[in-house]
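In this text, residue positions in the sequence shown follow my numbering: the first is 3, and each later residue adds one. Report on the structure given below.
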Amino acid sequence: MIVMNRKNIFTVLLASSVLVLLGCKPEDPDNGGGGNGGEAVSKTLNLTPFGELNAGEDAVNSHSDDWQRSVLSLNYRSIVNVNGSSVLGTESPAYSRIVKLADGTYILTAQDYYSGGNGSTVFWATSPDLVNWTGKGKLFASYSLTNARGQDATRLFTNGFGKVLSNGDVLMFASFRTTGTYAFWQWRDEQGIVMRRSSDNGKTWSEPFEVYRGPNWEAIMLEEADGALELYFSESRPWISGSHSGTSMVRSTDGGKTWLPELGKEPYRVIRHTWYDEHQDKWLFTDQMPGLIILNGSRQKAGVFESAHDYPTGGKVNFNIAFAWSPEDGNWEYIKGEERNGSGLNVKSAPVGPSERAIDLWKGGAPSLQQFPSGETVVSYGESTYLWERIGDSKAKNFGDPFKHLPAKGSWGALMVDNPHEIVAYMRNSTDNKNICVTLCKQALNHSIKASSHKVSADGDNSDWLKTDDALFIGGKCQAQATLRCAADADNLYFLIESLDENVSKDDYIQLFLAQPDQTALNGKSVRVKVGLSGVRNQGNYAGGWFEKDLGAKAYVSYDATLSDPSDKDNGWLAEIVVPRSSVGIQDGKVLVNLALFDMEGGEDAIIPTGERNPQKWMLVSGL
Numbered sequence: 003m004i005v006m007n008r009k010n011i012f013t014v015l016l017a018s019s020v021l022v023l024l025g026c027k028p029e030d031p032d033n034g035g036g037g038n039g040g041e042a043v044s045k046t047l048n049l050t051p052f053g054e055l056n057a058g059e060d061a062v063n064s065h066s067d068d069w070q071r072s073v074l075s076l077n078y079r080s081i082v083n084v085n086g087s088s089v090l091g092t093e094s095p096a097y098s099r100i101v102k103l104a105d106g107t108y109i110l111t112a113q114d115y116y117s118g119g120n121g122s123t124v125f126w127a128t129s130p131d132l133v134n135w136t137g138k139g140k141l142f143a144s145y146s147l148t149n150a151r152g153q154d155a156t157r158l159f160t161n162g163f164g165k166v167l168s169n170g171d172v173l174m175f176a177s178f179r180t181t182g183t184y185a186f187w188q189w190r191d192e193q194g195i196v197m198r199r200s201s202d203n204g205k206t207w208s209e210p211f212e213v214y215r216g217p218n219w220e221a222i223m224l225e226e227a228d229g230a231l232e233l234y235f236s237e238s239r240p241w242i243s244g245s246h247s248g249t250s251m252v253r254s255t256d257g258g259k260t261w262l263p264e265l266g267k268e269p270y271r272v273i274r275h276t277w278y279d280e281h282q283d284k285w286l287f288t289d290q291m292p293g294l295i296i297l298n299g300s301r302q303k304a305g306v307f308e309s310a311h312d313y314p315t316g317g318k319v320n321f322n323i324a325f326a327w328s329p330e331d332g333n334w335e336y337i338k339g340e341e342r343n344g345s346g347l348n349v350k351s352a353p354v355g356p357s358e359r360a361i362d363l364w365k366g367g368a369p370s371l372q373q374f375p376s377g378e379t380v381v382s383y384g385e386s387t388y389l390w391e392r393i394g395d396s397k398a399k400n401f402g403d404p405f406k407h408l409p410a411k412g413s414w415g416a417l418m419v420d421n422p423h424e425i426v427a428y429m430r431n432s433t434d435n436k437n438i439c440v441t442l443c444k445q446a447l448n449h450s451i452k453a454s455s456h457k458v459s460a461d462g463d464n465s466d467w468l469k470t471d472d473a474l475f476i477g478g479k480c481q482a483q484a485t486l487r488c489a490a491d492a493d494n495l496y497f498l499i500e501s502l503d504e505n506v507s508k509d510d511y512i513q514l515f516l517a518q519p520d521q522t523a524l525n526g527k528s529v530r531v532k533v534g535l536s537g538v539r540n541q542g543n544y545a546g547g548w549f550e551k552d553l554g555a556k557a558y559v560s561y562d563a564t565l566s567d568p569s570d571k572d573n574g575w576l577a578e579i580v581v582p583r584s585s586v587g588i589q590d591g592k593v594l595v596n597l598a599l600f601d602m603e604g605g606e607d608a609i610i611p612t613g614e615r616n617p618q619k620w621m622l623v624s625g626l
């Protein structure tokens, strides 16, 4: 027997009232009905990969006010392991860096893992597509010499880094050091940085020549709008600390032919602060391993650094991430006052800079910083053997929560913006110490998009979407991936979802979610349309859960596949979804959208996880 009190009765009546008011019933995931546009059609499809969309250029910093909504989505298909021994020429590649040349070719550099992580030779490889790599051998090769102490020694090279100039030339840098002299102030000129130039996209290279003398690590270069070059590096003072001590630079105003200060002179010191090393019982400089950019539409520079934090019991320094910003004109105030040999220097009270900085933001080391033309900055850093990333604002001053996409354990990772909507993450992968490689992946930038204004002939064909370029992407769980585009006319919203899928199943489906721009929680104005290979499976609104209601939505589905047959390789499928404007909470020509793809191989993947109940994290679509 069921006994009901007044509270129970009220709850039942309320739930019943909600269902009556919405005119809906609880969702049946397999009911297969709810407004099909017709039977799915088997046909040859020319599906559009994400890399061929978003070809229209966004205005500079177009998304600077909307950066918190921006998301980086892993492209599972792009994950590549570049073999160390067979491609790069070393069984233990480390400190990898990628640069994209003017002709679209990619160059990957990596050093051998030598003497506790230090390199001896920088190797290089090229690729037309980030997938197929050809080893090119040694770009900076170690050699024997007699050092300043009269000893048989070796000149070692490490930390290869490339930069393409605005004229198409590519400059490659490497730090060098000489065995037997590195740790001594009087022989500091036996260490330095060398450069090679190519003016034909890496086909030929100049001989290496020195641009700086002195102990250093991790060079990185910027080109200013007027053509001036600034080469930043960790300036090591091993006679003081045995390690790093801040970031310094040299400059060139003639395209890298000559550099100032001259060889043998102290560099321009620009970024450093102090920390107390309990192990050595002394104050030291830090802010090394620079990652710098020139902020969009300005001359101001932003930099991220590895900053020593403490030396706990156990004997290993803890590093935190720090940031610094130049004045708006991009000109650093050089830090004056420096030691020669370390004697008598009170580092605790020594000058530091710059004035605009942030230290100890979060744990991590080996950072990298990039910026999309649309404004979003992205920082990466290593922590607990993984490469972590955060999306930030256009000034690189505020960042969101951390995430990781690179499926590898390793060290010394970095980022490279490949195009206005894709970024490449990569690092040394030592997960399998018998097969060490460089692992890379692409990530798609999902941010607010604009719908095109035209009537779509909804028929399961994508030929009338050629002028609709803005797109969103999902595809991080497995090889199955999908894109979304949007168009609108006076009566309807139209959505094209194209799914590249090598093994299409009859049980695969997508979910399209819509909400008003001002919604901060799912409610009765939230809309969901669920579409599979049989057309619309469900459609309806949210009332504590998704309830079925006929919104007038229709789906037109085509597939280029042998359904649920893993014996061959499919192309994929697409769905054109038509949703009446009257069923959607459009405000000021805008609506919030989320897309989820369920694939039998990888499960559910979504731009924003479907368990998230705050639509403010969804993507904004304008132009409606």
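Even for Gly, the Cβ is constructed at its ideal location relative to N, Cα and C.
Inter-residue CB distance, residue i and residue j (contact presumed, cutoff 8 Å)
i: L516; j: L626; result: Wrong, their Cβ atoms sit about 11 Å apart, outside the cutoff.
i: Y511; j: K479; result: With 8 Å as the limit, Y511 and K479 do not qualify as a contact, their Cβ atoms being about 14 Å apart.
i: D471; j: L55; result: 6 Å
i: A427; j: L468; result: Not a contact, Cβ separation roughly 31 Å.
i: R430; j: V354; result: The pair is not a contact, with the Cβ atoms about 32 Å apart (cut-off 8 Å).
i: W575; j: S560; result: 7 Å
i: V62; j: P375; result: 6 Å
Cβ-Cβ distance between residue i and residue j below 8 Å
i: G462; j: Y558; result: yes
i: G121; j: D114; result: yes
i: L502; j: R487; result: no
i: F159; j: T123; result: yes
i: G248; j: R271; result: yes
i: I579; j: N596; result: no
i: G332; j: Q302; result: yes
i: S465; j: G415; result: no
i: L49; j: N573; result: yes
i: A155; j: T181; result: yes
i: L233; j: I296; result: no
i: T276; j: K350; result: yes
Proximity test, residue i beta-carbon vs the ligand COA heavy atom, cut-off 7 Å
i: D463; result: The ligand COA is absent from the structure shown, which contains no ligand whatsoever.
Cα-Cα separation between residue i and residue j, rounded to whole angstroms
i: Y116; j: S528; result: 57 Å
i: A482; j: K571; result: 12 Å
i: L265; j: E237; result: 15 Å
i: G587; j: Q521; result: 10 Å
i: S382; j: S66; result: 19 Å
i: S624; j: I451; result: 7 Å
i: P611; j: L599; result: 11 Å
i: H423; j: L141; result: 31 Å
i: D32; j: V133; result: Below a pLDDT of 50, predicted positions are generally treated as unreliable, and D32, at 42, falls in that range; the measurement from the model is reported next regardless. Taking the straight line joining both Cα atoms gives about 40 Å.
i: T111; j: Q513; result: 42 Å
i: G36; j: D60; result: Confidence is the limiting factor: at G36 the pLDDT is only 37, short of 50, which leaves the residue's position unreliable, though a coordinate-based value still follows. Whole-angstrom Cα-Cα distance: 38 Å.
i: L147; j: V196; result: 17 Å
i: K406; j: L231; result: 32 Å
i: S18; j: N540; result: Summary for S18: the model assigns pLDDT 41, below 50, so the residue's position carries little reliability; its value from the coordinates is reported in the next sentence. About 20 Å.
i: V14; j: E606; result: For V14, the pLDDT reaches just 37, beneath the cut-off of 50, and the residue's location in the model is therefore unreliable, although a value from the coordinates is still provided. Cα-Cα distance, rounded: 33 Å.
i: K551; j: Q70; result: 32 Å
i: V252; j: G339; result: 17 Å
i: D562; j: L535; result: 11 Å
i: Q373; j: A42; result: 42 Å
i: E220; j: G293; result: 9 Å
i: D202; j: N421; result: 21 Å
i: T260; j: A176; result: 16 Å
i: F92; j: F125; result: Here residue 92 turns out to be Thr, not Phe, going by the sequence shown. When rounded, the distance between both Cα atoms is 8 Å.
i: W620; j: A398; result: 22 Å
i: R199; j: A185; result: 30 Å
i: L173; j: S208; result: 10 Å
i: T206; j: I425; result: 28 Å
i: S254; j: E226; result: 11 Å
i: G25; j: G526; result: At G25 the pLDDT is 44, less than 50, meaning the model places this residue with poor confidence and gives no usable figure here.
i: A104; j: S584; result: 49 Å
Inside the stretch 592-623 only - beta strand (DSSP E) runs reaching at least 3 residues: 593-601 and 605-608
Any 3 or more C-beta pairs closer than 8 Å across the stretch 433-452 and the stretch 74-93: yes
Three-pair Cβ contact test at 8 Å for the stretch 180-189 versus the stretch 159-168: no
Contact the stretch 359-368 vs the stretch 315-333: 3+ CB pairs below 8 Å: yes
At least three beta-carbon pairs within less than 8 Å, the stretch 61-78 to the stretch 89-99: no
Residue ranges of each beta strand (DSSP E) within the stretch 181-221, 3 or longer: 194-200 and 211-215
Contiguous beta strand (DSSP E) assignments of at least 3 residues, all confined to the stretch 521-606: 529-534, 537-544, 548-550, 556-562, 574-582 and 593-601
Any beta strand (DSSP E) of 3 or more consecutive residues that is wholly inside the stretch 230-287: 231-238, 246-254, 270-273 and 275-279
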